[in-house]
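A short write-up of the structure that comes next.
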Amino acid sequence: MNGAEVRKRGIGFVGLGGITVTHRKGYRIYGLPFVAGYDPSPRARAAFAAEVPEARVYDTLEGLLNDPDVEVVDLATPHTREARLTPLQAIVKAGKPVYIQKPMAAYYQDALEMVECVEEAGVAAMVNQNMVWSPGAQALARLIVDEQAIGEPLLAQGEVRLRSDYSAERWFGKDERNWTAGNAVHLISVMHMVFGPPESIFAVTGVDSDHPGVTYDAFGTLIWRYRNGFSISLLTNGMYYGINPKPYVSEEIWVQGARGIIDTGPEEFLTVSWREDPTQPGGPILRRTYDIPGAWMPDGMGRGMQHFQQALDANAEPLCSVQDNLYVMAVIEATYKSNERREPVTIAEIMGDRFDPNYGPGWVHRYQHG
Ligand SMILES: NC(=O)c1ccc[n+]([C@@H]2O[C@H](COP(=O)([O-])OP(=O)(O)OC[C@H]3O[C@@H](n4cnc5c(N)ncnc54)[C@H](O)[C@@H]3O)[C@@H](O)[C@H]2O)c1
């Protein structure tokens, strides 16, 4: 699959903040054209104009949406209800497909409103859940779901630990829902893609006093339980300052199955370990390590948008469609509810009629190009 196979649609940005610089790096790799941008902030518009002098810069959303060269909108505003839902309503009314930065929202109800708004308009929408496009995550899905390389999964873990504070002026970190919604969502999205929704989540969230720029929420310890006994631990700590950090791109994921273990992270390597003779517990272990080319950032941004455009050509549902992403949002919602109640919370409770107990891995719902 390469960039030449897709009809390249002009991309228009709504929100021209820091992360869109990385979006554009990814789009350049895949030859995806960005033609215009809108942001209410003069400073953000000036930075965009300096970086992309050939693009048109708008100081109203209407101006951008009336630009016929804008065929896909990249919505990268802050993930508050106001900054997401209001522009989204105008974007879908203009009939433009929309690629929405993760997390879709901080609250499940806000995400549901966004999905309903997209569905009423009949417009295609996908979440830019970029870690699922990292080389390690893609390899993990292929080995576990397609090839069943380690048999039935028994136990999995994802771990990230780093220190993530923000200055007093930044909007980041000040919400009740900062860490799991904004950061652990990357690992949550990969687990959803590979294993699908769990039955329930038990979680603890919080913050230490050493985080002046993060008010409520800087870590999340999540246990996901599945009906068949499989479970996932997500150990995610954004306030860690000890001697053994695991920052982004060095995160760890391992999955233990009936016939072996896979170790990986978003980049560089993936190792499968298994017993030489499965009938001999404790016997010699065989290993195979794969070097994985590419990078999570910025490749993930470009690969996600390329996939969206391919799915648009085929009139097919993309991986990480907004509907699929409701399962990711439900895990986030269950996490915070579980912390408040100090008990497990089911995904069925959060999603109601939208919950399909047989949904399975997000991966099997993806559009496969070519
Ligand atoms: N790895 C990742 O995928 C990643 C990394 C960083 C941020 N993000 C997400 O991207 C989003 C934006 O983050 P950022 O770092 O670019 O933030 P930022 O604060 O740098 O930029 C946000 C921009 O949106 C603009 N904006 C606010 N309301 C708007 C509206 N209604 N219409 C148009 N523009 C509006 C602001 O003026 C600002 O320029 C957040 O949801 C964040 O969680 C994702």
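Here this note's numbering runs 107 ahead of the position in the sequence shown, where the first position is 1. In this text, a Cβ means the ideal position worked out from N, Cα and C, and glycines have one as well. This structure is a prediction, so every number in the text was calculated from the model and none was measured.
If you ignore the 5 residues before and after P140, its C-beta comes within less than 6 Å of the C-beta of K115 and G117, all in its own chain and listed in chain order. Look at S296 here: in three-state DSSP terms it is helix.
For N446, the enclosing alpha helix (DSSP H) stretches over residues V429 to R448.
If you compare the alpha carbons of E456, D398, F309 and I251 with that of P242, the shortest gap goes to D398. W403 is classed as buried because its beta carbon has at least 16 other beta carbons within 10 Å across all chains shown. The DSSP assignment places 359-364, 367-371, 375-382 and 392-399 as complete runs of the beta strand (DSSP E) inside the segment 355-411, in order along the chain (cut-off: 3 residues).
Within the DSSP secondary-structure output, Y165 pairs in a beta bridge with Y145. Here DSSP, grouped into helix, strand and coil, assigns N351 to coil.
Pairing H186 with A153, the inter-Cα distance amounts to about 22 Å.
Beta-bridge pairing by DSSP links P260 to G364.
Classified as exposed, T378 has fewer than 16 neighbouring CB atoms from the shown chains inside 10 Å of its CB. The straight-line gap separating the alpha-carbon atoms of F279 and V321 is approximately 8 Å.
Less than 8 Å divides the Cβ of G133 from the Cβ of D406. Under the three-state reduction of DSSP output, D181 falls in the strand class. In the assembly as shown, P373 is a buried residue. Its beta-carbon has 16 or more other beta-carbons within 10 Å.
Taking a C-beta distance under 8 Å as the contact criterion, I257 and G125 do not qualify as a contact pair. For L426, the shortest separation between its Cβ and any heavy atom of ligand 1 does not lie below 7 Å. By the neighbour-count definition (other C-beta atoms within 10 Å, threshold 16), T287 is a buried residue. With respect to the 8 Å criterion, L195 and V205 are classified as neighbours on the basis of their beta carbons. DSSP, reduced to helix, strand and coil, places R332 within a strand of the structure shown.
The DSSP assignment places complete alpha helix (DSSP H) segments of no fewer than 4 residues inside the segment 187-274 at 188-200, 215-228 and 242-248, in order along the chain. For T453, the secondary structure class from DSSP, reduced to helix, strand or coil, is strand. Beta-carbon to beta-carbon, Y434 and H299 are separated by about 6 Å, close enough to satisfy the 8 Å threshold. Inclusion of T371 and L262 in the CB contact set at 8 Å is not warranted, their separation being larger than that value. With a cut-off of 8 Å on Cβ pairs, the segment 320-337 is in contact with the segment 291-307, counting three or more such pairs. Nearest to P464 by alpha-carbon distance, out of R473, T453 and Y474, is T453. Ligand 1 never approaches Y165 closely enough for any of its heavy atoms to be under 7 Å from the residue's Cβ. One thing to note: D146 has its Cβ no nearer than 8 Å to the Cβ of L182.
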